[in-house]
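First comes the structure, then the notes that go with it.
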Amino acid sequence: MHILVASRIFAPEAGAAAYRLAATVKALEAAGHTVTVLTSTSPDAQRSTGRVRRWPVLRDRSGAVRGYVQYASFDIPLFFRLLSSRRFDAVLAEPPPTTGVVVRMASWLRRRPYVYFAADVSSDAAAGIGVDPRIVAVLRAVERWVLNGAASVLSVSEGVSAAVRDLTRGKAQVAEVGTGVDTGTFRPAASADGGTPGTQRTLVYAGTMSEIQGAGVFVDGFLKIMDRYPDAELLLYGQGVELRELRERAAPAGSRIRFMGLASGEETAAALGRAAAGLASVRPGRGYDFAFATKAFASLACGTPVIYAGVGPLRRIVAQHSLGHEVDWDAGQVADAMAAVLEDPVKPAERARLAAWVEQHYSLRGVGTRASEALAAAVSRS
């Protein structure tokens with residue numbers, strides 16, 4: 301088959317969706333399918349290749365394709381790119397729902413099925429962060445229309461599957477493919493260029509900084525313990541709508557809280573591999589209580605324990621498998637966990653166990669394979 305992938309972000313751009321789609325494309329090609337990716341230009345990838353076709357797109361101040369104007373700058377050209385594409389058998393679409401709308405309309409005109417990759421339910425998230433209820437109602441209707449039109453909805457977790465079924469009133473065909481991390485990039489060996497694993501007195505947050513993640517709890521927690529550990533540092537990699545606010549909150553720490561900006565997977569893996577702990581969070585009551593914070597898996601894959609703050613299935617997993625510290629979304633509890641990892645660094649044998657656990661249970665290779673198989677099955681049914 302010839303599969304088109306429609307996504308506003310794709311590797312080498314950092315992000316869970318980009319890594320997940322790259323793994324899926326690799327699995328599709330390994331199964332003998334031809335894949336063409338329709339995506340955007342990014343700071344790390346300006347030019348198209350034979351397989352990945354890039355188009356200029358608007359980005360916000362942080363560099364993300366986030367916001368209705370930014371989405372439109374990708375979605376409107378995408379509609380015509382899909383209509384003008386050479387013969388294909390199906391489209392794999394990545395959120396947001398606006399992209400799903402374009403894909404459903406273009407797929408109908410081309411008489412081809414599409415599959416939707418649901419990492420979350422956008423309308424639930426919008427309600428959680430306080431978006432006007434009237435807008436949420438419209439978004440729910442649009443998202444339901446997109447999900448119900450798909451030949452299959454690929455879900456990353458049990459919680460997302462349940463949310464999709466609830467939104468679509470059980471009409472959507474859901475295939476749960478799981479979530480994970482690129483263990484080819486995030487691995488203990490990636491830290492070899494910067495010293496012995498775990499020897500630096502750093503705490504590393506790598507990912508989106510929005511109201512959903514609530515990364516500010518780590519800034520506040522670090523401020524509480526910084527005087528007790530004068531050699532410790534907090535490093536935050538990534539971007540997001542809360543970045544400016546977090547910089548202001550971090551000002552009392554001076555250079556001991558550093559905002560590193562966007563970084564490649566290799567650079568992030570090196571920082572995580574050297575750190576005392578990686579940091580991950582899901583803020584409660586924001587519509588994402590069921591979400592997996594994949595940044596936790598990135599830390600663990602590098603052999604670094606995680607401090608997980610907030611809600612979601614990962615909190616239970618961290619506790620059950622002794623993967624670090626799981627606490628409430630509370631600066632005081634976060635501070636205590638930070639103090640614990642700084643005072644009692646994880647030994648090399650334990651770091652090896654953490655990395656092996658992720659490889660066995662949450663490698664993106666497995667996710668890509670399951671997504672490829674589910675997509676092929678959906679197209680066959682159609």
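Sequential numbering from 301 applies to the sequence shown in the numbering used here. C-beta: ideal position from N, C-alpha, C; glycine also.
Alpha-carbon to alpha-carbon, residue j and residue i
i: serine 276; j: aspartate 466; result: A question about residue 276 goes unanswered here, because the residues of the chain that appear run from 301 up to 682.
i: proline 312; j: tryptophan 355; result: 15 Å
i: phenylalanine 597; j: leucine 572; result: 11 Å
i: arginine 359; j: isoleucine 309; result: 11 Å
i: valine 618; j: glycine 603; result: 14 Å
i: alanine 678; j: serine 452; result: 6 Å
i: aspartate 493; j: alanine 569; result: In this predicted model, aspartate 493 has a pLDDT of only 48, less than 50, meaning its place in the structure is not dependable enough to derive any value.
i: glutamate 443; j: glutamine 473; result: 14 Å
i: serine 599; j: arginine 411; result: 43 Å
i: glycine 480; j: methionine 526; result: 32 Å
i: alanine 330; j: isoleucine 303; result: 13 Å
i: glycine 315; j: glycine 521; result: 25 Å
i: alanine 490; j: threonine 483; result: Summary for alanine 490: the model assigns pLDDT 44, below 50, so the residue's position carries little reliability; its value from the coordinates is reported in the next sentence. Spanning the two alpha carbons is a distance of roughly 10 Å.
i: threonine 633; j: serine 340; result: The residue you asked about is not threonine; residue 633 is glutamine in the sequence shown. Roughly 40 Å between the two C-alpha positions.
i: serine 342; j: glutamine 539; result: 14 Å
i: serine 555; j: leucine 546; result: 14 Å
i: alanine 515; j: arginine 586; result: 13 Å
i: proline 530; j: valine 641; result: 15 Å
i: alanine 406; j: threonine 398; result: 13 Å
i: valine 369; j: aspartate 636; result: 42 Å
i: leucine 664; j: proline 395; result: 19 Å
i: valine 365; j: leucine 623; result: 33 Å
When the options are compared against residue i, the one with the closest alpha-carbon
i: threonine 336; options: Ser581, Leu382, Tyr371, Asp375; result: Leu382
i: leucine 338; options: Ile525, Ala327, Ala390; result: Ala390
i: proline 645; options: Tyr662, Gln633, Ala532; result: Ala532
i: leucine 523; options: Arg544, Glu548, Thr399; result: Glu548
i: tryptophan 629; options: Val611, Ala506, Ala306, Ala639; result: Val611
i: tyrosine 505; options: Ala637, Val325, Phe559, Arg651; result: Phe559
i: tyrosine 588; options: Ala563, Asp420, Lys647, His302; result: Asp420
i: isoleucine 376; options: Val357, Thr349, Ala463; result: Val357
i: proline 714; options: Ala591, Tyr529, His661, Val415; result: Since the first residue shown for the chain is 301 and the last is 682, residue 714 is missing from the structure and cannot be characterised.
i: alanine 674; options: Ala553, Ala593, Val477; result: Val477
i: valine 446; options: His333, Ala553, Tyr416, Pro433; result: Tyr416
i: threonine 468; options: Ala563, Glu458, Trp657, Arg440; result: Arg440
i: serine 550; options: Ser564, Val519, Glu567, Ala372; result: A small correction: the amino acid at residue 550 is alanine; serine does not occupy that position in the sequence shown. For alanine 550, the nearest C-alpha among the options comes from Val519.
i: alanine 425; options: Arg583, Gly666, Trp657; result: Arg583
First through last residue of the alpha helix (DSSP H) which encompasses residue i
i: leucine 248; result: Since the first residue shown for the chain is 301 and the last is 682, residue 248 is missing from the structure and cannot be characterised.
i: tyrosine 662; result: Neither: tyrosine 662 is in no alpha helix (DSSP H) and is coded neither H nor E.
i: serine 373; result: 368-384
i: serine 599; result: 594-601
i: arginine 487; result: No alpha helix (DSSP H) contains arginine 487, which DSSP labels as neither H nor E.
i: leucine 546; result: 543-550
i: leucine 358; result: That residue, leucine 358, is in no alpha helix (DSSP H); it is neither H nor E in DSSP.
i: glycine 578; result: Here glycine 578 belongs to no alpha helix (DSSP H); instead the beta strand (DSSP E) covers 577-582.
i: valine 634; result: 631-643
i: valine 401; result: 397-410
i: alanine 591; result: Per DSSP, alanine 591 belongs to no alpha helix (DSSP H) and is neither H nor E.
CB-CB length for residue i against residue j, believed under 8 Å
i: valine 402; j: phenylalanine 379; result: 5 Å
i: leucine 409; j: alanine 671; result: That belief does not hold up - the Cβ atoms of leucine 409 and alanine 671 are roughly 25 Å apart, past 8 Å.
i: isoleucine 429; j: isoleucine 512; result: 7 Å
i: valine 517; j: alanine 631; result: 6 Å
i: glycine 683; j: arginine 404; result: There is simply no residue 683 to check, as the chain begins at 301 and stops at 682 in what is shown.
i: isoleucine 607; j: histidine 625; result: 5 Å
i: alanine 306; j: alanine 393; result: 5 Å
i: alanine 509; j: leucine 543; result: Looking at the sequence provided, one finds methionine at residue 509 rather than alanine. Sure, about 5 Å apart at Cβ, within 8 Å.
i: phenylalanine 486; j: alanine 317; result: The pair is not a contact, with the Cβ atoms about 16 Å apart (cut-off 8 Å).
Three-state class that DSSP yields for residue i in the structure shown
i: serine 510; result: coil
i: serine 682; result: coil
i: serine 622; result: coil
i: valine 519; result: helix
i: aspartate 493; result: Since pLDDT at aspartate 493 reaches only 48, below the 50 mark, its modelled position is unreliable, and no value is offered.
i: arginine 670; result: helix
i: isoleucine 435; result: helix
i: leucine 536; result: strand
i: isoleucine 525; result: helix
i: valine 460; result: helix
i: valine 611; result: coil
i: alanine 472; result: coil
i: valine 658; result: helix
i: isoleucine 303; result: strand
i: valine 646; result: coil
i: valine 477; result: coil
i: alanine 390; result: strand
i: glycine 428; result: helix
i: valine 627; result: strand
Residue span of the beta strand (DSSP E) that contains residue i, given as start and end
i: glycine 561; result: 557-561
i: threonine 334; result: 334-340
i: valine 421; result: Segment: none, valine 421 is in no beta strand (DSSP E) and carries neither H nor E.
i: glutamate 567; result: Glutamate 567 -> not in any beta strand (DSSP E); alpha helix (DSSP H) instead, spanning 565-574.
i: serine 452; result: 452-455
Minimum Cβ-Cβ distance from residue i to chain B less than 8 Å
i: alanine 676; result: Protein chain content of the structure displayed is limited to a single chain, and chain B is not contained in it.
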